[in-house]
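This report refers to the structure that appears directly beneath it.
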Amino acid sequence: MNRLEQLAIDLPKSVKKNFEKSLTEDGTSWLDIFLNNDQRLAIEWNPRLGYGLYINPDNSFGSGPDEVYRNLDILDRRIKMILDTRQKEISIKDLRKLSGKTQSFISEVTGKGQPSISKLENQRDFQLSTLEEYISALGGYINISVHFKDFDIPIDLFDPTDSTNKKELEKEI
Amino acid sequence: MEVSSFQEALNHINSTLNEVENTYTTIPFNPSNWMNDGRMYPFQPDSEVYCEYNNVRKFRSVSHYTYIGINGAFRIQEIFDEQNIIIDKRGKNKKKIDEL
Numbered sequence: 001m002n003r004l005e006q007l008a009i010d011l012p013k014s015v016k017k018n019f020e021k022s023l024t025e026d027g028t029s030w031l032d033i034f035l036n037n038d039q040r041l042a043i044e045w046n047p048r049l050g051y052g053l054y055i056n057p058d059n060s061f062g063s064g065p066d067e068v069y070r071n072l073d074i075l076d077r078r079i080k081m082i083l084d085t086r087q088k089e090i091s092i093k094d095l096r097k098l099s100g101k102t103q104s105f106i107s108e109v110t111g112k113g114q115p116s117i118s119k120l121e122n123q124r125d126f127q128l129s130t131l132e133e134y135i136s137a138l139g140g141y142i143n144i145s146v147h148f149k150d151f152d153i154p155i156d157l158f159d160p161t162d163s164t165n166k167k168e169l170e171k172e173i
Numbered sequence: 001m002e003v004s005s006f007q008e009a010l011n012h013i014n015s016t017l018n019e020v021e022n023t024y025t026t027i028p029f030n031p032s033n034w035m036n037d038g039r040m041y042p043f044q045p046d047s048e049v050y051c052e053y054n055n056v057r058k059f060r061s062v063s064h065y066t067y068i069g070i071n072g073a074f075r076i077q078e079i080f081d082e083q084n085i086i087i088d089k090r091g092k093n094k095k096k097i098d099e100l
């Protein structure tokens, strides 16, 4: 049994799902989870590449996943989050929960009081530097790309040489 | 264009998708970056799943199955709406996928 099949088995019995196994040991297997009659999530798993989560799979032909996971426990949390709330969008508070970190942890790393962290998590508008600090405390880094009719391009708002997380994560991935 | 073998059909499908992407996106072709670069790529050989037809191989992408027969016939259809067949092309001996 592969790891995605195990994830399918561990889902609540009430959740409608479809598991499709690769023909080869190192190939890509799929798990479809039906949220209701016309909405589903699709997860692909490849032992070499990790897990890809498609949030709106029916609009996709050949494009990559909306979210990428290299850790099954975090993907499992994300799936349960969507099943519990039926919300596909993710807030920074959800990101923290996915990362398994507490507000106290963020408070300790950033030196900001826990009430400030709580307030920040409920805001919809904040400075980029504040967001960067929060994501950095979670162990991540931010990439921003802009999209136009004729081109897509990443923009450099943060000094990449400042980001220890980026260097470390790029080494690991 | 008529194709007459599995490999020719595979090449035809892949080159068509790559040409479409080259025309409509500025994202460079870099298959190793397929998970997060936003470009569409042909299905990979390791996406093969069990096929219900003889002499046919079946590949899965997120929402579609691509069937390719040994005679070069190919069919692309939606996974959860089997009636929605995007393309169903005959192969060398004029047979379609479900006639093999």
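Residue numbers (the numbering used here), protein chains in the order written: chain A, 1 to 173; chain B, 1 to 100.
Note that beta-carbon positions come from the ideal geometry of N, C-alpha and C, so glycine has one too.
Let me check understanding here. Comparing Cα to Cα, which of the options lies closest to residue i?
i: Phe6(B); options: Leu17(B), Asp81(B), Glu78(B), Phe59(B); result: Phe59(B)
i: Leu4(A); options: Asp66(A), Asn56(A), Leu98(A), Asn71(A); result: Asn71(A)
i: Gly138(A); options: Thr24(A), Ile153(A), Phe105(A); result: Before going further, note that residue 138(A) is Leu rather than Gly in the sequence given. Checked all of Thr24(A), Ile153(A), Phe105(A); the closest Cα to Leu138(A) is Phe105(A).
i: Arg78(A); options: Gly64(A), Leu95(A), Pro65(A); result: Leu95(A)
i: Gly140(A); options: Gln103(A), Thr85(A), Phe148(A), Leu131(A); result: Leu131(A)
i: Ile55(A); options: Asp156(A), Ser29(A), Gln87(A), Pro47(A); result: Gln87(A)
i: Asp32(A); options: Leu7(A), Tyr69(A), Glu133(A), Asp26(A); result: Leu7(A)
i: Lys96(B); options: Ala73(B), Asn18(B), Glu78(B), Gln77(B); result: Ala73(B)
i: Met81(A); options: Tyr69(A), Val68(A), Lys97(A); result: Lys97(A)
i: Leu53(A); options: Ser99(A), Asp76(A), Asn37(A); result: Asp76(A)
i: Asn36(A); options: Ser29(A), Trp45(A), Lys17(A); result: Lys17(A)
Starting from residue i and walking both ways along the beta strand (DSSP E), at which residues does that stretch end?
i: Pro154(A); result: 152-155
i: Ile15(B); result: Correcting the residue type first, residue 15(B) is Ser in the shown sequence and not Ile. No beta strand (DSSP E) holds Ser15(B); the alpha helix (DSSP H) holding it covers 6-24.
i: Glu5(A); result: Per DSSP, Glu5(A) belongs to no beta strand (DSSP E); it is in the alpha helix (DSSP H), 3-10.
i: Ala42(A); result: 39-46
i: Leu49(A); result: Leu49(A) -> no beta strand (DSSP E), and no H or E assigned at all.
i: Leu131(A); result: Leu131(A) -> not in any beta strand (DSSP E); alpha helix (DSSP H) instead, spanning 128-138.
What span of residues does the alpha helix (DSSP H) with residue i cover, start to end?
i: Ser118(A); result: 114-121
i: Gln185(A); result: Look at the range of chain A in this structure, 1 to 173, and you will see that residue 185(A) is not part of it.
Based on DSSP bridge pairs, tell me the residues matched to residue i.
i: Arg60(B); result: Tyr65(B)
i: Val49(B); result: Ser22(A), Lys58(B)
i: Val146(A); result: Ile153(A)
Scan the stretch 9-29 of chain A for residues whose Cβ lies nearer than 9 angstroms to a Cβ of chain B and list them as they occur along the chain. Asn18, Glu20, Lys21, Ser22, Leu23, Thr24, Asp26, Gly27, Thr28, Ser29
Within the chosen definition, does the stretch 37-52 of chain A reach the stretch 108-128 of chain A through at least 3 CB pairs nearer than 8 angstroms? no
Three-pair Cβ contact test at 8 angstroms for the stretch 90-102 of chain A versus the stretch 117-127 of chain A: yes
Flag this pair as touching only if the stretch 11-30 of chain B and the stretch 13-27 of chain A have three or more C-beta atom pairs under 8 angstroms; answer yes or no. no
Whether or not the stretch 44-61 of chain B and the stretch 80-91 of chain B are in contact is what I'm after, with contact meaning three or more pairs of Cβ atoms, one per stretch, closer than 8 angstroms; do they touch? no
Cβ-based contacts, 8 angstroms cut-off: residues of the stretch 41-57 of chain B near chain A: Tyr41, Pro42, Phe43, Gln44, Asp46, Ser47, Glu48, Val49, Tyr50
For the stretch 131-159 of chain A, list every residue whose C-beta sits within 8 angstroms of some C-beta in chain B, in sequence order. Asp150, Phe151, Asp152
Does the stretch 36-48 of chain B touch the stretch 9-26 of chain B, meaning 3 or more C-beta pairs lie closer than 8 angstroms? yes
Taking a Cβ distance cut-off of 9 angstroms, strictly less, list which residues of the stretch 10-41 of chain B are near chain A, in chain order. Leu17, Glu21, Thr25, Thr26, Ile27, Asn33, Trp34, Met35, Asn36, Asp37, Gly38, Arg39, Met40, Tyr41
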